[in-house]
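Asks: One structure, as structure tokens, below. Some questions next.
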Amino acid sequence: MLDIPVGQPAHRPIEAGGGARKGRSMSPAGFEPGEFCARPAGWDEQARLAALDSYAVLDTPPEQAFDDVVRLAAQICQAPIAVVNLVAEERQFFKAEIGLGVRETPLDVSICAHAILQPGLFVVPDTTLDPRFAENPLVTGAPHLRFYAGALLQTAEGLPLGTLCVLDYVPRPEGLTEQQGFALEVLAKQVMSQLDLRRALKARAADAAKLAEGERQFRILADSMPQMIWAARPDGRVDYYNRRWHEFFGEAAAASLGDGWRTLIHPEDQDRTDARWQEALRSGQAYEVEYRLRRADGAYRWALGRALPVRDGKGRIIRWFGTCTDIEEQKQTEERLRLSEERLRLALSAAEMVGTWVWDVPRDRITADPGYARLFSVPAVAMAEGLPIERLLPAIHPEDRASAEALIQAALAGEAGGAFEAEYRVVLADGSLRWVAARGRCEHDAAGRPTRFPGVVMDVTERRAAEEAKELLARELSHRIKNIFTVVGSMVSLSAMRAAPEVSRFATVLRRRLNALAAAHEYVRPHSPDSRPVETATTLHGLLGKLLAPYEEPGRERVRLLGDDAPIGVKAATSLALILHELATNAAKYGALTTDEGQVTITGTRQGEQFALTWCERGGPPVAGAPSRRGFGTVLAERGAITQLGGSVAHDWAPEGLTLRLEVPLDRLAH
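Each residue of the sequence shown is one higher than the one before, counting from 352 in our numbering.
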């Protein structure tokens, strides 16, 4: 017979520890098993119970595989009772049993609770002779258990979960035969194999369920996205496309699995795309490429393709996931921007553009292109990286620097919406001078602090030279025309010296008209920025102020200018000068300007495409009505306004004073 230990000595040295959870003792019959046998080193109760829980076998229904084991164990050992017993926290659960008729018992009557505390077979030949079990209710009472033999159900980590045991109603002093003991241990290992297999299958089923749920959620998410999503095996063959892919490609999507997607790419992009994909597969790096895809309607649209590999715990690629994003609108925007930039470049070139700049005001760094750097005599690399403004100002001609700095400060302060416009000379590295026109606008934050100041500079040296030549010619022509007016006026004066009084009066009127025309000519002739009249631009108000200045008196407002202003051209200025001269002369001779209280109010009004000029006299002598006879000058002036300007003239001879309304098309006024 096999030398199997039977009944552990009652006074064997013990190890401390191993109390049960929840404050309950797992000791049978109210005593700690350690009193009689030591717990093997290397595990504790918490770890053992956790291992048992991991098998999820407690309270499961009977299973054929385990039932067959207990029947075989009972037959081999010639025992009426055989049990697959799992020792839990407060009970022992019988996964399979024969001869007992119950599925569990309390832990305090368990013999197996002692068996799991020692290695190998645990045999009790006669329970009535073992002090650990002599008082056990299952021994002293039904079913009167007298013999026990159990083989450990032990995990690979050495944690005992329970036993495969056989029991008898009669004692067996001889214990088990060698074959019976060997068979019981082998069958115990088979039970553990079944438990391990059961746990593995359950874990695999759980993993499969998780995988299926993850796949389901992934498909829902992928189908809800606006992008085309695909997945491929490690070799690069695609085996999944989302709904958006099928919507985009229509019937062609069915043939795009595997390597079929290549046929959906524009022929000009296929080789480049395939090379990128093969490189990603070879290197395991991220994949990104732009290509054109043929939509279901045959139209090609630009797309951005991207993919990343998924790796296992050993770093091996197990999957590729990718997207295709429609970027057609972005490409069209980029093309429009490219064309716009090209047109801007051509326009700037035609406009003699020199360079552009952007000033980061808080950091005081101006970045600009090479043309700007060349103008200000600084290295292009330094200009691209950014320079403070003080590094650039010395390039401005000393005579122009103060005015340029003042305009810069005004823009920084937010005057005129931060607009900046200046013309000044710069001194190049070779000492030569160039005129430049600078335009820009300073941007401000919500608190009014300057933030960004972009702008452009244009080389206007040739334009300035042309303007100076034009100004010289204009001055020469103006001088000659003024001489003509002077000569004609002198001839009129000489001719009237010994003439009748009526002729002298006519000569005086004629000289005044010539002077009015001369003043109008000087006002509207072409001017350079330096020679332009300083008081106004070439506008109606400016002409009126020039012509009516002789009628102003210190401390008295004899003539008022109200309402809208408008630009005027040379032709319009001549006609307007004549009619205004006639009106002013008549007002001084017969109307409002003959009295101390008299006043003339001139009001301009824009009315769509028309411009109305109203001459209103008040405070003069009472007006008896329209004159029976109108002077030659008045008729000539009004006829010129009608024929040359395409306008109309209306009179109101009210008793309180004359009101004249002149309406002229705006476009004719500017000629």
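Every residue gets a Cβ at the ideal spot worked out from N, C-alpha and C, and that includes glycine.
Once DSSP output is grouped into helix, strand and coil, what is the label at M543?
Replies: DSSP places M543 in helix when its eight states are reduced to three.
Asks: Whole-angstrom Cβ separation of L496 and L518, contact assumed at under 8 Å?
Replies: Confirmed, about 5 Å.
Asks: For R911, count neighbouring Cβ atoms within 10 angstroms of its own Cβ and tell me buried if that reaches 16, exposed if not.
Replies: exposed
Asks: 8 Å is my cut-off, CB to CB: does L451 come that close to chain B?
Replies: Among the chains of the structure shown, chain B does not appear; only one protein chain is present.
Asks: Please state if the CB of V1015 and the CB of G998 are separated by a distance shorter than 8 Å.
Replies: yes
Asks: Return the chain-ordered list of same chain residues with a C-beta closer than 6 Å to the C-beta of R588, the five sequence neighbours on each side being excluded.
Replies: G609
Asks: For T478, count neighbouring C-beta atoms within 10 Å of its own C-beta (all shown protein chains included) and say buried if the count is 16 or more, exposed if not.
Replies: buried
Asks: Taking only the alpha-carbon atoms, compute the straight-line gap between W708 and I717 and give it to the nearest angstrom.
Replies: 7 Å
Asks: Quick check: the Cα distance between L659 and R670, rounded to an integer number of angstroms?
Replies: 9 Å
Asks: Could you check what DSSP says for F417 in three-state terms: helix, strand or coil?
Replies: helix
Asks: Using the rule of at least 16 other Cβ atoms within 10 Å of the residue's Cβ for burial, across every protein chain shown, is I571 buried or exposed?
Replies: exposed
Asks: Skipping 5 residues on each side, what residues in its chain have a beta carbon closer than 8 Å to that of E908?
Replies: Q950
Asks: Quick check on the burial criterion: 16 or more other C-beta atoms within 10 angstroms. Buried or exposed for K561?
Replies: exposed
Asks: What is the DSSP secondary structure of F727, counted as helix, strand or coil?
Replies: coil
Asks: Could you check the C-alpha separation between C516 and A401 for me, to the nearest Å?
Replies: So the alpha carbons of these two residues sit roughly 22 Å apart.
Asks: Quick one: what's got a C-beta closer than 7 Å to D313's C-beta in the same chain, skipping five residues either side?
Replies: The first residue shown for the chain is 352 and the last is 1022, placing residue 313 beyond what the model contains.
Asks: How many Å lie between A626 and M734 at the Cα?
Replies: 40 Å
Asks: Count the other C-beta atoms from every protein chain shown that fall within 10 angstroms of the C-beta of V807, then say buried if there are 16 or more, exposed otherwise.
Replies: Buried is the call here.
Asks: Take L546 as the anchor and find which of P470, P801 and A507 has the nearest alpha-carbon.
Replies: A507
Asks: So, do the stretch 948 to 963 and the stretch 911 to 921 have three or more beta carbon pairs nearer to each other than 8 Å?
Replies: yes
Asks: Tell me the DSSP secondary structure of W581 in three-state form.
Replies: strand
Asks: Going by DSSP, what residue range makes up the alpha helix (DSSP H) through D404?
Replies: E396 to Y406
Asks: Just to confirm, are L894 and A939 a CB contact at a threshold of 8 Å?
Replies: Cβ distance not < 8 Å, so L894 and A939 don't count as in contact.
Asks: Going by C-alpha to C-alpha distance, which of P739, A789 and R785 sits closest to L758?
Replies: Ranked by Cα distance from L758, the first of P739, A789 and R785 is A789.
Asks: When the Cβ atoms of the stretch 579 to 587 are set against those of the stretch 552 to 567, are three or more pairs found closer than 8 Å?
Replies: no
Asks: Rounded to a whole number of angstroms, what is the C-alpha to C-alpha distance between E598 and D574?
Replies: Their Cα atoms are separated by approximately 11 Å.
Asks: Does the contact criterion of 3 or more C-beta pairs under 8 Å hold for the stretch 427 to 445 versus the stretch 469 to 476?
Replies: Too few Cβ pairs lie closer than 8 Å, so no.
Asks: Please state whether the Cβ-Cβ distance between T1023 and I467 is less than 8 Å.
Replies: Past the boundaries of the shown model lies residue 1023; the chain is included only from 352 to 1022, so the question cannot be answered.
Asks: Return the CA-CA distance between T624 and F804, expressed in angstroms with no decimal places.
Replies: If you draw a straight line from the Cα of T624 to the Cα of F804, it is about 43 Å long.
Asks: Among E741, D418, H1022 and A731, which residue has its Cα nearest to the Cα of A339?
Replies: The structure shown does not extend to residue 339, since the chain is modelled only from 352 through 1022, so no value can be given for it.
Asks: What do you get for P524, buried or exposed, if any count of 16 or more other CB atoms within 10 angstroms of its CB means buried?
Replies: exposed
Asks: Taking C-alpha atoms, which residue in P721, Q636, V434 and R815 lies nearest to V542?
Replies: V434
Asks: Taking 8 Å as the cut-off, decide whether the C-beta atoms of A447 and P494 are in contact.
Replies: no
Asks: Which whole runs of the alpha helix (DSSP H) in the stretch 643 to 724 are 4 residues long or more, in chain order?
Replies: Correct list: 679 to 701.
Asks: What does the alpha-carbon distance come out to for the pair G942 and D1018?
Replies: 32 Å
Asks: Do A773 and A755 have their C-beta atoms within less than 8 Å of each other?
Replies: yes
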